[in-house]
Amino acid sequence: MKEQDEIQKAHWNSKPLSIFTAYVWSKNENFAFALPSSDITHDKFVVDAALEIILNHIVTILPNIKVVDCFSDGAASQFKQRFHFRNLVQIANEHNIDLSWHFFATSHGKGVVDGIGGTVKRLVWSAILAGEVCRSAEDFIKIAKKKTKKVILIEITKNNIDTSKNKLESIFKTAKSIPETLKMHSVKVVDNNTLEFRYYSSCFQKKTVKY
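Each residue of the sequence shown is one higher than the one before, starting from 13 at the first, in this note's numbering.
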């Protein structure tokens with residue numbers, strides 16, 4: 013994040029910002045999300061905080077939602093790892109939904125979520141060039157909201173992340189390593205303590221893990 017007068021300064025003088033992006037398709041409506049945060053760790057607690065914000069927002073608009081199928085890349089630091097897998101069971105139970113998560117192949121290319129992030133960053137950057145000041149995630153959201161109504165912008169706050177930590181630290185102690193994790197491309201919550209893994213979503217061969 014930069015102020016207009018500081019554009020020529022070295023990049024380390026600017027404040028870092030991360031943006032968790034998502035796009036939701038439903039039968040009747042679609043939603044684009046951009047969730048800025050001053051926390052740039054992208055760790056398991058930030059991911060959970062982002063997912064909670066998105067799911068809570070969706071439920072207010074689509075209160076009868078029962079099935080959620082998620083798609084993402086296979087970033088091991090965020091999604092394709094044992095803590096995230098363990099959390100899927102928790103999320104499904106908390107929200108009473110049928111939840112699955114599918115991973116794109118590494119070379120699938122840019123997708124709609126990349127476009128969301130690029131769009132809001134360009135809008136904010138052009139505003140900074142025109143004299144706007146952006147010193148925080150809150151400033152980023154205020155500027156972006158003035159520029160677009162097509163993207164839902166909500167900050168992932170420190171409080172959101174701390175809430176996730178308090179909720180999940182004990183749960184993550186039960187997380188289990190999954191053999192051949194990198195080869196798995198489909199994960200489904202079967203019940204309140206079981207996950208089902210497949211090499212791809214239509215594959216007959218599967219593995220189950222109980223917590």
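Every residue, glycine too, gets a C-beta built ideally from N, C-alpha and C.
Is residue i helix, strand or coil by DSSP?
i, result
"D81", "strand"
"K147", "Note that residue 147 corresponds to Arg in the displayed sequence, not to Lys. In the structure shown, R147 sits in coil (DSSP, three-state: anything other than H, G, I, E or B)."
"S138", "helix"
"I52", "coil"
"A87", "coil"
"S38", "coil"
"T27", "The identity of residue 27 in the sequence shown is Lys, whereas the question assumes Thr. If DSSP states are grouped into helix, strand and coil, K27 belongs with coil."
"G123", "coil"
Counting along the chain, where does the alpha helix (DSSP H) carrying residue i start and finish?
i, result
"N42", "Taken as a continuous stretch (DSSP letters only), N42 belongs to no alpha helix (DSSP H), being part of the beta strand (DSSP E) at 42-49."
"Q102", "94-107"
Within the continuous beta strand (DSSP E) that includes residue i, where are the two ends?
i, result
"D60", "Premise fails: D60 lies in the alpha helix (DSSP H), 56-73, not in any beta strand (DSSP E)."
"L111", "110-115"
Pull up the DSSP beta-bridge partners for residue i, would you.
i, result
"F32", "L47"
- [ ] Entirely within the stretch 158-221 and at least 4 residues each: give me those alpha helix (DSSP H) ranges in chain order.
- [x] 170-184
Task: Contact between the stretch 162-173 and the stretch 192-202 (3+ Cβ pairs under 8 angstroms) - done: no
Open item on the list: When you compare the stretch 168-181 with the stretch 67-81, are there three or more beta-carbon pairs, one atom per stretch, that lie closer than 8 angstroms?
Closed with: no
- [ ] Count the CB pairs spanning the stretch 126-136 and the stretch 202-209 that are closer than 8 angstroms, and state whether there are at least three.
- [x] no
Open item on the list: Assess contact between the stretch 142-155 and the stretch 58-69, defined as three or more Cβ pairs (one per stretch) separated by less than 8 angstroms. Is contact present?
Closed with: no
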